[in-house]
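Each number in my numbering comes from the position in the sequence shown (counting from 1) with 69 added on.
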Amino acid sequence: MALVTGANQGLGLAVVEQLSAVVDTVYLTGRDADRVARAAAVLPKNVVAERLDVTRPSDVTNLACRLADRHEQLDIVVSNAAARLSPQLSSADQVRGLVDTNNLGTTRMIRAFGPLLRPDGRFLVVASSFGSLRRLPNQLRDRFDARAVTLDDLDTVMLDYVDAVETGQAAVRGWPDWINVPSKVGQVAAARVYARSAAGRFVAAVCPGLVDTEASRPWFADMSAAQTPMQAAADVVALAVDAVEPRFAGELVQHRRVIPWR
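So, in structure tokens, the structure goes:
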């Protein structure tokens, strides 16, 4: 049994479609119940629609309880939900929603669904190549060091970052201009923290690369090199179901290659 968040369109929908060919039951989730139902209606019958807003802690815990009652254990979780950014809005106007979805949403999913994974289950966090400590100045790196921090620590760091952006202090404190960079670093750090205690489960962050979606198009003048969602999903699904190299565990993986953390 597999669960995919942010799955009613784009990459998430493609991941669900491909998983449905190899997994008995796939839960397609998203925050809008009608859109989730419409997306699932055109897919195979083993795809089940469930409303899940990862910014609502009660949504996450309630769905985890329901699925535990139905299945006891999960085989695969793909944490793919992501907030859409707009070039027309300031960073201060968007950073709280971004972090609540991408970062706190990821840690909520780990806390609620990690314990439900089978001993050989897999948990993937969809991130990007921005999710490397090399993208941050030295003075900020220890705040994301997965050898020391906890999920609670990461939540605190990201909320502090939100406050810094909203109050105009982010640049003074050394944060990059582009708010997606700290967010992606935080997501990969969360996967690394979880991987430390995964006890046989495979946990990794995955970078699908540039994908031609409605979320991506406003940021790129030329999308000719972008993958379709179905092309990009193949890499994600391969990490979810195929044999994987042990060196990928806890890392950010793109096209079967590790993007170095440091």
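All C-beta atoms, glycine included, are put in the ideal place defined by N, C-alpha and C. Remember, predicted model here, so these are calculated numbers, not experimental data.
- Going by DSSP, E86 is part of the alpha helix (DSSP H) stretching over G79 to L88.
- Of all alpha-carbon atoms in L158, G255, V234 and N149, the one lying nearest the alpha-carbon of P277 is that of N149.
- Contact between Q87 and A260 does not hold, since the beta-carbon distance rounds to 21 Å and is not under 8 Å.
- Counting C-beta pairs closer than 8 Å gives three or more between the region 308-326 and the region 273-292, which meets the contact rule.
- For A233, the enclosing alpha helix (DSSP H) has its first and last residue at L220 to E235.
- Look at A196 here: in three-state DSSP terms it is coil, with no helix or strand label.
- For S252, the enclosing alpha helix (DSSP H) starts and ends at N249 to R265.
- Contact annotation: the region 297-313 touches the region 78-87, with at least three C-beta pairs closer than 8 Å.
- By the Cβ-count criterion, L158 is exposed, with fewer than 16 other Cβ atoms from all chains shown falling within 10 Å of its own Cβ.
- Bounds of the beta strand (DSSP E) holding Q323 are L321 to Q323.
- Taking a cut-off of 8 Å on C-beta distances, the region 172-181 touches the region 127-137, as three or more cross pairs fall below it.
- A Cβ-Cβ contact shorter than 7 Å links D281 with A295.
- Apart from sequence neighbours up to five positions away, the residues of its chain that approach A152 with a beta-carbon distance below 7 Å are G166, L167, T170 and N171, ordered along the chain.
- Secondary structure note for D144: its beta strand (DSSP E) is the uninterrupted segment L143 to S148.
- Bounds of the alpha helix (DSSP H) holding L308 are P298 to V310.
- Inclusion of L220 and V262 in the CB contact set at 7 Å is warranted, their separation being smaller than that value.
- For A181, the three-state secondary structure derived from DSSP is helix.
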